[in-house]
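Residue numbering for the sequence shown is 2 to 143, as defined by the working numbering. Glycine included, each C-beta is placed from N, C-alpha and C at the ideal position. Here is the structure we will look at, set down as structure tokens.
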Amino acid sequence: MIENTYDELKVGDKSFIEKTITETDVYMYAGITGDLSWLHVNEKRAQKGHFKTRIVHGMLLAGFISNVIGNYLPGAGTIYQSQTLNFLKPCFMNDTIRAQVEIIEKLGKGRIKLKTACLNQNDEVILDGEAIVIPPRTKTTD
């Protein structure tokens, strides 16, 4: 886990993670959130729907952005203040997702604006948005 302070961060800093989304991931997310929509968990019903197959929960993808923010950039101790999300394309089972963040502005008062996105294995942006976060002012010690 990385811990960057506000003063260490600069516009243009970037980080990302990659993850292949499995059926198990989708069922675990459905179970913990209670979002059991047929869009995500019922293949037979989903085949009759708009996408002709099940899709991954959009908010599951948003969680990967949170992973990058909380573990890498800015990192440990960062407080999430806000997040906008635009769901542009569906994510399907076994897609490999790259969740990425980039610092686009230091807002003052210890706040940072991030460009956020999830891309699939074809480099198609499937989710984008912006986040405002508050990284730590000083490093913590254990």
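For a minimum of 3 consecutive residues, which ranges assigned as the beta strand (DSSP E) are wholly contained in the segment 84 to 135?
As far as the segment 84 to 135 is concerned, its whole beta strand (DSSP E) runs of at least 3 residues are 97 to 109, 112 to 120 and 126 to 135.
Considering only DSSP beta bridges, list what F17 is partnered with.
Paired residues: Q101.
Counting C-beta neighbours from all protein chains within 10 Å, is the total for N5 16 or more, i.e. buried, or is it exposed?
Buried.
Between which two residues does the alpha helix (DSSP H) containing R46 stretch?
Looking at the DSSP string, the run of the alpha helix (DSSP H) that includes R46 is E44 to A47.
For Y81, which residues does DSSP report across the bridge?
In DSSP, Y81 forms a bridge with V134.
Specify the secondary structure class of G76 as computed by DSSP and reduced to three states.
DSSP places G76 in strand when its eight states are reduced to three.
I think V102 touches T117, with their Cβ atoms under 8 Å apart; what is that distance to the nearest whole Å?
Contact annotation, V102 with T117: C-beta distance approximately 5 Å; criterion of less than 8 Å satisfied.
Quick check: what's the CA-CA separation for L37 versus E9?
Straight across, the Cα-Cα distance linking L37 with E9 is about 42 Å.
Which one or two residues does DSSP pair with E4 in a beta bridge?
For E4, which the question treats as bridged, DSSP gives the partners G76.
C-alpha distance - E76 paired with G130, whole-angstrom precision:
Inspection of the sequence shows that residue 76 is occupied by Gly rather than by Glu. A direct Cα-to-Cα measurement between G76 and G130 gives close to 19 Å.
Does the segment 108 to 125 come close enough to the segment 37 to 46 to have 3 or more Cβ pairs within less than 8 Å?
Short answer: they don't touch.
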